[in-house]
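Novice:
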């Protein structure tokens with residue numbers, strides 16, 4: 017089944033404890049992206065990747081890192097999480113041409129930073 | 025900077041009624057998406073609109089695009105409870121970015 021998977025789905029952590037949220041897609045998509053969703057703000061792009069080893073900042077990249085060593089995986093890293101990073105995170109992927117193709121979203125990761 | 029505004033933010037409507045959700049965007053774009061999100065779920069693609077005057081329909085939902093007015097509408101015909109969800113429009117600015125509106129939470133009551 018074609019899908020985007022994220023792990024973990026739920027995470028409670030404490031300020032400053034490094035964490036990684038994994039994202040994987042099995043559709044051979046070139047483009048992958050991370051969004052955070054907050055009430056009243058819609059979805060905001062954190063980072064995106066046009067292809068392997070090509071990543072760039074979105075609208076709200078502060079406090080996050082990403083890497084794209086393989087085409088299928090695009091992990092989101094919070095080196096030192098803070099409470100303002102409590103949010104719902106979505107990974108998405110699309111076949112090519114960046115955001116000019118329909119994006120397929122993962123199930124989401126709900127993060128609480130205490 | 026591309027901005028995308030939706031209205032209304034919240035819509036409560038009775039079953040059987042019609043209504044329209046509006047999506048305005050601030051800079052030229054040639055591609056607009058509508059997504060649906062059920063509570064606690066991910067986003068599901070509904071429509072992609074590619075050109076001025078484009079109209080797409082699926083069941084009781086119809087989306088249209090006016091690129092000159094920078095406006096898209098999502099029209100709901102004879103609403104049913106199953107349509108209760110949050111609807112997002114999203115606009116492609118640069119090739120790498122998709123900018124979302126804040127969403128319209130639709131509640132269809134019996």
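Residue numbers (my numbering), protein chains in the order written: chain B, 17 to 130; chain V, 25 to 134.
Heads up, the beta-carbon is just placed ideally off N, CA and C, and yes, glycines get one too.
#1: Helix, strand or coil for residue 67 (chain B)? Go by DSSP, reduced to three states.
#2: So, is the C-beta of residue 57 (chain V) closer than 8 Å to a C-beta in chain B?
#3: Tell me the residue span of the beta strand (DSSP E) that contains residue 20 (chain B).
#4: Let me check one thing: in DSSP terms, what residues is residue 106 (chain B) bridge-paired to?
#5: Could you tell me whether the Cβ atoms of residue 47 (chain V) and residue 61 (chain V) are closer together than 8 Å?
#6: Using a Cβ cut-off of 9 Å, pull out every chain B residue sitting near residue 80 (chain V), in sequence order please.
#7: Over what stretch of residues does the beta strand (DSSP E) that includes residue 76 (chain V) continue unbroken?
#8: With DSSP run on the structure shown, which of helix, strand or coil describes residue 100 (chain B)?
#9: Using C-beta distances below 7 Å, list every residue in its chain close to residue 134 (chain V), excluding the 5 sequence neighbours before and after it, in chain order.
#10: Taking residue 74 (chain B) and residue 63 (chain B) to be in contact with their CB atoms under 8 Å, please state how far apart those CB atoms are, rounded to whole angstroms.
#11: Could you check whether the segment 118-129 of chain V touches the segment 77-96 of chain V, counting it as contact only if at least three pairs of C-beta atoms, one from each stretch, sit closer than 8 Å?
Specialist: Working from what's here:
#1: strand
#2: yes
#3: 20-23
#4: B:51
#5: no
#6: Near residue 80 (chain V) there are no residues of chain B at all, since even the closest Cβ is about 12 Å away, more than 9 Å.
#7: Segment: none, residue 76 (chain V) is in no beta strand (DSSP E) and carries neither H nor E.
#8: helix
#9: 39, 105
#10: 5 Å
#11: no
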